[in-house]
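Number of protein chains: 2
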Amino acid sequence: MSSDISSFADRLGIGFKNLKLLQQAVTHRSYLNENRNYPLDHNERLEFLGDAVLELSVTDYLFRNFPNPEGELTNWRAALVNKDMLSKVARRLGVEDYLLMSRGESKDVGRARNYILANAMEAIIGAIYVDQGYKKADEFIKNNIIVELKEILSKKLYLDPKSYFQEKAQEIYGTTPSYRVLLESGPDHNKRFVVGLYLENEKISEGEGPSKQEAQREAARKGIEIKNW
Amino acid sequence: MSSDISSFADRLGIGFKNLKLLQQAVTHRSYLNENRNYPLDHNERLEFLGDAVLELSVTDYLFRNFPNPEGELTNWRAALVNKDMLSKVARRLGVEDYLLMSRGESKDVGRARNYILANAMEAIIGAIYVDQGYKKADEFIKNNIIVELKEILSKKLYLDPKSYFQEKAQEIYGTTPSYRVLLESGPDHNKRFVVGLYLENEKISEGEGPSKQEAQREAARKGIEIKNW
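Chains as they are written, first to last, in the numbering used here: chain P, 68 to 296; chain X, 68 to 296.
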């Protein structure tokens, strides 16, 4: 076992009895293809387990601390446990420095990397649960993930960016934003859209993506930034 | 509080400290409309919580007892925690005798009832968790839900009925089943399909449903029964 992994455990603040569990948690399936004699399995079973631990920990916290209806709590939970949030937490914890993956995967630092990081984050939670029990995993989740709830609630990040931009536009300008496709290119299996976000006839921002929906969301995200909402 | 609810607690084998939690767990939202002075909330928050408890309990059990890849465990879990299974368990535990719902809902004993029962089952798990803690809830889930796993695995109930019928047909007759739409009626928003399931040109069963897919699944379910597979 590399000395790396024990420094990672230190960084997480978890005194793992079995460091192999933590190492497995940062082992992406692609790593095994290039390292046939690697003694551990990849992290997908730990991810399966960690996902359920995370779900209960967050659900329990929301249930006990907020009297809101189930529908609202469900939205808040989704904002806490989605891939974007988990990959953000993973980066903060330095998971990227310890990820084991194929050379091919190593080169892709965009969306695919976020997905791998988010899954590793769940697997790490699974590893803590197996090694240290539920209470310790729950504590880890509170300190590293539930800590994001305050910002989620104050910035209404549980709304998707389009809904949030619309709510703010109506509140401040009394107007409903609209989206226009500015560019559509590429073959069917690899489309690219550029969409503009407008208030009345003023263009606020542009977004780009593989579908109109994703381009609109991107435009809304940028619009929120530009407006400082 | 009715004496009923304490007999229900006895039936579940759980010594509730706070029986109101159990009563809330069997209170459907519709009941509050007709009983404005009812002192408790409906069961949706408990259901939100119980769903996450159930998920961890089942996930942990599968993780610890089976070395299978995550994809298989996910399918098995889905077969254990889906609405059909939960409503079946709820009926076996007599939940129906204690459900509080509107007169309107009381009349509907079909799919809508199953849905209400399954949700009440999750809410009951949530109530046990709040009142008695995780360990007791986990035990209850093992005794009443995970106990179904043996049959799920031996009868491959984690496959959808169409996949299962096809697998059996190929194994026994070396032939692939086919489906034919026998009847399509009703307006767009309220379609009704009747579909026949065939082996070669012999009709084995018929199924009915609001979409072709659902009618096919129903036909496959009946086909499995008829063939005694």
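Even glycine gets a Cβ: it sits at the ideal position worked out from N, Cα and C.
- Of the candidates X:S272, X:L99, X:L266, X:G117, the residue whose Cα lies closest to the Cα of E189 of chain X is X:G117.
- In the three-state reduction of the DSSP assignment, Y128 of chain X falls in the helix class, which pools H, G and I.
- V261 of chain P is positioned such that its CB atom lies closer than 9 Å to that of A282 of chain P.
- Contact with chain X is absent for E206 of chain P, since none of that chain's Cβ atoms lies less than 9 Å from the residue's Cβ.
- In the three-state DSSP reduction, S221 of chain X falls in the helix class (H, G or I).
- Of all residues in the region 110-125 of chain P, those with a C-beta nearer than 9 Å to a C-beta of chain X are E111, R112, L113, E114, F115, L116, D118, A119, V120, E122, L123, S124, V125, reading in chain order.
- Residues E114 of the same chain have their beta carbon placed closer than 6 Å to that of N186 of chain X, with the five preceding and five following residues left out of the count.
- Looking at the backbone, the Cα of D108 of chain P and that of H95 of chain P are separated by about 9 Å.
- For E163 of chain X, DSSP records no beta bridge to any residue.
- Within the model, the alpha-carbon separation for A286 of chain X versus E275 of chain X is close to 7 Å.
- When 8 Å is used as the limit between beta carbons, T141 of chain X is near these residues of chain P: F115, in chain order.
- Contact with chain P is absent for D198 of chain X, since none of that chain's Cβ atoms lies less than 9 Å from the residue's Cβ.
- Cβ-Cβ distances below 6 Å link S124 of chain P to D205, I208 in the same chain, with the five nearest sequence neighbours on each side left out; the list follows chain order.
- In the displayed model, Y240 of chain X falls within a helix according to three-state DSSP.
- Under the DSSP assignment, I291 of chain P falls in the alpha helix (DSSP H) whose first and last residues are 279-294.
- Taking the Cβ atoms as the reference, Y201 of chain P lies roughly 7 Å from V120 of chain P, within the contact range of under 8 Å.
- Within chain X, not a single residue places a beta-carbon under 8 Å from that of D227 of chain P; the smallest gap is close to 21 Å.
- In the three-state DSSP reduction, R78 of chain X falls in the helix class (H, G or I).
- Straight-line spacing of the CA atoms in L266 of chain P and Y225 of chain P works out to 23 Å.
- The alpha-carbon separation between A157 of chain X and P106 of chain P amounts to approximately 44 Å.
- Membership of K270 of chain X in the beta strand (DSSP E) is indicated by the continuous run 269-276.
- Under the Cβ criterion (8 Å, minimum of three pairs), the region 83-102 of chain P counts as touching the region 167-174 of chain P.
- S169 of chain P carries a coil assignment under DSSP once its states are collapsed to helix, strand and coil.
- K222 of chain P and G161 of chain P have their alpha carbons spaced roughly 25 Å apart.
- Against chain P, the CB of P136 of chain X has a partner CB under 9 Å away; the residue lies at that interface.
- The beta carbon of D71 of chain P sits closer than 7 Å to those of Y165, all from its chain and outside the five residues before and after it, given in chain order.
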